[in-house]
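Residues -23 to -1, 1 to 308 in mature numbering (1 follows the signal peptide of the UniProt record, and there is no 0) are what the sequence shown lists, from first letter to last. Presented below is the structure to which this report refers.
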Amino acid sequence: MLRRTTPAAWLGAFVLLLPSPFADRSTAAAGTALAAAGATGARVVAETAVASRTVDLTIDSPAMGGGQKVRLLLPRGWSKDARRTWPALWLLHGGVDDYTAWTRDTDVAELTARSGVIVVMPNGGRCGNYSDWWNYGSGGSPRWETFHMTELRRILENDYHAGTDRVIAGNSMGGLGAMLYAARFPGMFKAAASFSGYVDTLHGHEPGDDSTGWGPSFACPGTDWRRVWGDPDDQAAIWRGHNPTDIAGRLRGVRLWVASGNGRAGPLGGLPFTDPVEAAADGNAHAFVDRLHALGVPVTARFFDGQHDWPYWQRDLHEAYPMLMDTLRTG
């Protein structure tokens, strides 16, 4: 069942931005061999069976300086002894959430039950932004991009029979991540979908203003953006290198899907007033799609009455899913 956000709950989450506590519903996986450390030094230190197809991994990540969680939905017929590989669907979560989000609030397990894909749902941090943080020029952790695109990817390929055919999608911050990873790693993903994603991180920023893009600032107030990408003017190259709208040309050849609501309550319900977070995401989406059109990069765009909530993201996933699966079948 989808968890709808009531006005009081939405306002409380927006004002306080407290991550909801993680309730461990898992049971220990008996007799499962732990994956060996790969060339990156990252290694699986625990596997936990959650359901018949659902496995949670705990990965000791040098890039992150400690343990990180990843949830997998394994396809029918998968086993550690298999002599074949499976394509992968990466699903990235939004801000102030975690790796359990997609299985907690959508029917993704049922949707993918007969798909023959490995569904990869990694932790991306409260406001990690799917990036290696600048940290005032010092670098170091968190290095989300390195964790996902290097450490986790190699573990999946070496120990969990993931192939090299991949597609990616995400909601909100995860929509940003989906387009970022597809653009920053050409050839890594054959298709990418953003649902209410902040895909123009400099949208609304005026040079010289002590501000960041309207979208990411509104979605994660309190985040020190100078730790993430630096100052948007002084470190403009870093910001633009992590802005899907600025690097949209690198998405040529990737099948693209962009969906966002205008902030007004739609057919799936919502708040009795315009949702400012979704309205900001909608501005991002339009700017991103306009840039793709200007570059002659094909994109499927879906704009509608809707808000920043799971009923809309479940619908977005169902609508984009045939394209994602078709891309994996046809290459």
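Where is the CB? At the ideal position from N, CA and C, for every residue including glycine. Given the structure is predicted, the values throughout are model-derived calculations rather than measurements.
| message | Going by beta-carbon coordinates alone, are H219 and L294 separated by less than 8 Å? | response | no
| query | Based on the DSSP output, what are the partners of V144 in its beta bridges? | reply | L66, A168
| query | What is the DSSP secondary structure of G154, reduced to helix, strand or coil? | reply | helix
| task | Indicate whether the contact test is met: 3 or more Cβ pairs, each with one atom in the stretch 265 to 284 and one in the stretch 231 to 244, closer than 8 Å. | result | yes
| request: Please say whether L68 and W55 have beta carbons closer to each other than 8 Å? | output: no
| query | What is the C-beta distance between S171 and A155, in whole angstroms, given that I count them as a contact (C-beta under 8 Å)? | reply | 5 Å
| query | Contact between the stretch 204 to 212 and the stretch 248 to 255: three or more CB pairs below 8 Å? | reply | no
| message | For a test of the three-state rule: what should DSSP assign to P221, helix, strand or coil? | response | coil
| query | What number of angstroms, rounded off, separates the C-alpha of P221 from the C-alpha of L153? | reply | 7 Å
| Is the Cβ-Cβ distance between T72 and M165 less than 8 Å? | First, the residue type needs correcting, since residue 72 is Gly and not Thr in the sequence shown. Going by C-beta atoms, G72 is not nearer than 8 Å to M165.
| field | Buried or exposed by the 16-neighbour rule on C-beta atoms within 10 Å, applied to M302 | value | buried
| field | Exposure of T4, with buried meaning 16 or more beta-carbon neighbours within 10 Å | value | Low per-residue confidence applies at T4: pLDDT is 33, beneath 50, and the placement is therefore not dependable, though the value from the model is reported in the following sentence. T4 comes out exposed.
| task | Could you tell me which residues DSSP puts in a beta bridge with D304? | result | In the sequence as displayed, the identity of residue 304 is Thr instead of Asp. Its beta-bridge partners do not exist; DSSP assigns none.
| message | Below 8 Å, how does it come out for the stretch 105 to 120 and the stretch 78 to 92: are there three or more Cβ pairs, yes or no? | response | no
| Among G247, L129, G147, T77, which has the Cα closest to the Cα of G140? | L129
| query | From W287 to S173, what does the alpha carbon distance come to, in whole angstroms? | reply | 11 Å
| query | Taking the runs of the beta strand (DSSP E) that are 3 residues or longer, which of them lie wholly in the stretch 52 to 125? | reply | 63 to 69, 95 to 99
| query | What residues match up with V47 in a beta bridge as DSSP calls it? | reply | L34, P99
| request: Taking 8 Å as the cut-off, decide whether the C-beta atoms of V276 and L305 are in contact. | output: no
| query | Can you check whether the CB of W63 is closer than 8 Å to the CB of G102? | reply | no
| Per DSSP, what kind of secondary structure is G238 in: helix, strand or coil? | strand
| task | Please check the pair T17 and R143, which I expect to be a contact at CB under 8 Å, by giving their CB distance rounded to whole angstroms. | result | Wrong, their Cβ atoms sit about 18 Å apart, outside the cutoff.
| task | Measuring alpha carbon to alpha carbon, tell me which of Y76, P52, H263 ends up nearest I95. | result | P52
| request: Determine the direct distance from the alpha carbon of A271 to that of W290, and round the result to whole angstroms. | output: 27 Å
| query | Would R204 be called buried (16 or more neighbouring beta carbons within 10 Å of its own) or exposed? | reply | exposed
| message | Can you tell me whether Y113 is buried or exposed? The criterion is at least 16 other CB atoms within 10 Å of its CB, across all chains shown. | response | exposed
| request: Work out the CA separation of W216 and N100 for me, nearest whole Å. | output: 22 Å
| Beta-carbon gap between P39 and A59 smaller than 8 Å | no
| request: Specify, as a first and last residue, the run of the beta strand (DSSP E) that A278 falls within. | output: 277 to 281
| field | Residue burial classification, D186 (beta-carbon count within 10 angstroms, cutoff 16) | value | exposed
| query | Does the beta-carbon distance from D136 to V47 come in below 8 Å? | reply | no
| query | Expressed to the nearest angstrom, what Euclidean distance is found between the alpha-carbon atoms of L34 and D74? | reply | 17 Å
| request: With DSSP as the reference, label R229 as helix, strand or coil. | output: coil
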